[in-house]
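Read the structure below first, then the notes.
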Amino acid sequence: MAVKKVVFVLLLASVGWVLGQREPSLEVMSALKELQPRYREIQDFVINRLTEARLNSSQVIFNFHSDVITTKDQFVRNTIEEEQQVLTILDRQPEAVDRTCLGFVRSSVDMNVNLVGVSYTNCIVRVDDTLADVVQEFYRTIQQDETQYTGSGLLGVFRGENIFHTPENLIQKLNEQLEQLRENPTFIATELFDMIVEFEQELNEVKTGYGGCLESGTELLRNALEIARTQVVQVCLGELEESGPSTTEAVAWAQRPQTVAVIDKLYEVHPLYRQIQDYVINTISEARLSSSAKIYDFHRDIIMIKSTFLGTSIRQEQELLHQVNGQPLSVDQQCLSFVRQNADVNMNLAGVSYSTCITNTGDTLVSTVKAFYDELDVNEAAYVGVGLFEEFRNENIFFNPQNIISKLESRMFRLEDFPSHIGSELLDAVAGFTNSLDVIRMNYVSCMTMGEQLLMSALQLAQMQLDVVCNGVQVPPAAPAPVPPNPESYEPNPEPVPEPELAPEPAPEPAPEPAPEPAPEH
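Quick note: the sequence shown uses our numbering, first residue -4, plus one each step.
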C-alpha cells in the first residue's frame, strides 16, 4: 500500500510538471488569438472608406487567417496528444524497466516534438510569406500602399521561432504587433476594384499547401513516436499501453500549456485584426468591409488550424510524458530522463515545423494582400490583417512558445486603437482575394500536417524507447481533461443591431361592468 501511495504521488507531481512545461506554448496561441482580431478592426476601418473589393478582400484575409490558425491549432494539439501518448507509455513502465533507457526514449520524443515544431514554424512561415505574395498581388491591382492594413504579417511572427522551444519569443512578437496596430489608419480613402474572387482562390491554395506542410511534419513525428514505442519495448524491454481513446487530454495540456497558450493567444489576437479591419472598412466602402471580413475569416481559420495542431502535439507529448513520469522507481531514471529530453527536442522540432508553416502562410498572405491593395493604390496593408502570423517567424510553438505569446501580446497591445486616418476608397477585388486566401489556407493545412506527422513519429519512437530501452511499464491513463476552447468562442462580438422603435400600445379600454342580476322573487 505504501508503494502505491508513492507511485500515486509521483504521478500527480508529473502531471503538474507537464502543465508547467508547455504552458508558454499555449500562451503563444492565446496571444495570437488576441492579436488577430485587431487586424480585422484596422482592415475594416480602411475598407469602409473604400469599395466592395476592399471589404471582400479583408474578409478573405480574415477567413484565411482563421483557417490557418484553426489548422495550426488542430495540428499542435494533435501533436501534443500524440506526444503524451508516448510519454504516458514511458511513465507507466514498471519499476523493472531500465530508467536510463526510458530517459533516452523520452529525450528522443521531446527532440522529435521540437523538430515537428520547427516543421510547423516553417509551414506557417511559408504560409505567411505566400499570403504576403498573394495579398501583394491582389492589392497591387487596387492600391499600392495599402497592404499594411491587411494583417497578413500576423503569421510572420512565427518566422525563426519555435512555439515549443522558445514560446516566449513568439509571445513577445505578438505583443509588439498588438502595440503597432493599436491605432487605426484614417488616411485611407481610395476605392478598390472587385478582385475578391481571384484573391480568395489564391489564398485557398495557400491554405491547402499549409495543411499539407503540417501533415508532412506530423507524419515524420508519428514515425519518430512509433520508433520510440518500439524502442521502449525492444530496447528498454518495457511494455506498451493498450490502444484506446485518449483520456489524458488534461495532462497533455499541462505538458504543453504554453504551446496551447500560443494558439489561444492567436485566437485572441485574430479578432483584433478583424476589428481593425472593420474599423478601416467602415470609413470607406462596402468593398472594404467585405474584404476585411474575408481576411478576418482567414486569420480565424489559420488560428483554429494552428490551435488544433498545437493541441494534438501537446497531447502526444503529454501522453508520452505521462508514461515516463508515471514509471515506478524501479525503472532506470536516467533512461526516463533521456526519453523526456528526446520528447522535448522533438517538440521543439515540431515547433520549428509549425512556425515554418504559419510563417510561410503569413508571408503568402502579405504578398496576396499587398497585391490586392497595390491594385487599389491605397496604403492600408497594416489594417487588413496582413502579418498576423509574423509572430511565429523564427519561433517554435513546442520549444519556445512563450516567445510567440509575448509577440502576440505585444501585437495585441499595438492593436488597441483603431486607425482613424483611413479615408480613401478601394477597388472591388474581393472575389479573387478570397480565392487566394483559400489557396493559402489549404497550403497551411498541408504544411502543418507534415510537421505533425513528424512529431507523432518521433514521439512514437520515444514511447518505444521507453518500453524497450527503459523497460518501462504501462501507466494507467490520467483523468480526462476539459474540452479545449472552441475556436468559435473567439469570434468578435457582433455589433448590436438597434431594434426598431415600436409605437406605444394603446391603453386597454376598461371592461364594461356587468349589470346587476335581479333579485329572485319570493
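In this text, a Cβ means the ideal position worked out from N, Cα and C, and glycines have one as well. Bear in mind the structure is a predicted one, so any value in this text is a computation, not a measurement.
Here's the rule I'm using: 16 or more other beta-carbon atoms within 10 Å means buried, otherwise exposed. How should residue i be labelled?
| i | result |
| --- | --- |
| Arg33 | buried |
| Pro518 | With the chain covering only -4 through 517, there is no way to say anything about residue 518. |
| Leu316 | buried |
| Leu324 | exposed |
| Ile183 | Here the model assigns Ile183 a pLDDT of 47, short of 50, so the residue's position is not dependable and the matter cannot be decided. |
| Arg409 | buried |
| Gln80 | buried |
| Arg295 | buried |
Residue i and residue j: beta carbons closer than 8 Å?
| i | j | result |
| --- | --- | --- |
| Val120 | Thr351 | yes |
| Asn341 | Ala453 | yes |
| Val202 | Arg406 | With the sequence shown as reference, residue 202 is identified as Lys, and Val is not the correct amino acid for it. For Lys202 and Arg406, no; Cβs fall outside 8 Å. |
| Glu602 | Ile309 | Limits of the chain in this structure are -4 at one end and 517 at the other, which puts residue 602 out of reach. |
| Gln131 | Ser286 | no |
| Leu82 | Val104 | yes |
| Ser114 | Leu449 | yes |
| Val468 | Cys231 | no |
| Ile298 | Leu27 | yes |
| Ala470 | Gln328 | Residue 470 is actually Val in this sequence, not Ala. It is not a contact, given that the beta carbons lie outside the stated cut-off. |
| Phe293 | Ser102 | no |
| Tyr268 | Arg35 | yes |
| Asn170 | Ser25 | no |
| Thr66 | Met445 | no |
| Glu461 | Gln88 | Contrary to the premise, residue 461 reads as Leu rather than Glu in this sequence. Yes; because the gap between Cβ atoms is below 8 Å, this pair is in contact. |
| Phe427 | Gln196 | Looking at the sequence provided, one finds Gly at residue 427 rather than Phe. Going by C-beta atoms, Gly427 is nearer than 8 Å to Gln196. |
| Asn58 | Leu344 | no |
| Leu331 | Arg17 | no |
| Ile37 | Leu176 | yes |
| Glu90 | Val326 | yes |
| Val257 | Ile399 | yes |
| Ser52 | Lys289 | yes |
| Glu447 | Leu209 | yes |
Which one or two residues does DSSP pair with residue i in a beta bridge?
| i | result |
| --- | --- |
| Ile400 | Ile166 |
| Lys28 | For Lys28, which the question treats as bridged, DSSP gives no partner whatsoever. |
| Arg121 | Asn355 |
| Ala345 | Val113 |
| Lys289 | Gln54 |
| Tyr34 | Tyr268 |
| Gly306 | Arg72 |
| Met443 | Leu209 |
| Val364 | DSSP lists no partner for Val364. |
| Phe333 | Answer is none; Phe333 lacks a bridge partner. |
| Ser350 | Thr116 |
| Phe393 | Phe159 |
| Arg154 | Arg388 and Asn389 |
| Asn199 | Ser431 |
| Val470 | Paired residues: none, contrary to the question. |
| Gly204 | Asn438 |
| Gln131 | Thr363 |
| Leu21 | According to DSSP, which records beta bridges pairwise, Leu21 is partnered with nothing at all. |
| Pro257 | In the sequence under discussion, the amino acid at residue 257 is Val, which differs from the Pro named in the question. Note: Val257 sits in a beta bridge opposite Ser25. |
| Arg406 | Asn170 |
| Val81 | According to DSSP, which records beta bridges pairwise, Val81 is partnered with nothing at all. |
| Val63 | Ile297 |
Our contact map puts residue i next to residue j with C-beta atoms below 8 Å; I'd like the distance itself, whole angstroms only.
| i | j | result |
| --- | --- | --- |
| Ala223 | Val100 | 5 Å |
| Gly346 | Asn109 | 6 Å |
| Glu29 | Leu403 | 6 Å |
| Asn73 | Thr307 | 1 Å |
| Leu305 | Tyr349 | 7 Å |
| Thr356 | Asn438 | 7 Å |
| Glu193 | Arg251 | That belief does not hold up - the Cβ atoms of Glu193 and Arg251 are roughly 39 Å apart, past 8 Å. |
| Gln226 | Met443 | The pair is not a contact, with the Cβ atoms about 26 Å apart (cut-off 8 Å). |
| Leu150 | Leu360 | 6 Å |
| Ile552 | Ile56 | Outside the shown range of the chain, which is -4 to 517, sits residue 552, and nothing can be said about it. |
| Gln521 | Pro162 | There is no way to answer for residue 521, as the model of the chain reaches only from -4 to 517. |
| Glu386 | Val71 | Their Cβ separation, rounded to whole angstroms, is 14 Å, which puts Glu386 and Val71 out of contact at 8 Å. |
| Ser362 | Val129 | 5 Å |
| Asp124 | Asp358 | 2 Å |
| Leu165 | Asn466 | Wrong, their Cβ atoms sit about 38 Å apart, outside the cutoff. |
| Gly206 | Ser441 | 4 Å |
| Phe333 | Thr354 | Not a contact, Cβ separation roughly 31 Å. |
So is residue i in contact with chain B if we call contact Cβ pairs under 8 Å?
| i | result |
| --- | --- |
| Asp105 | In the structure shown, chain B cannot be found, because there is only a single protein chain. |
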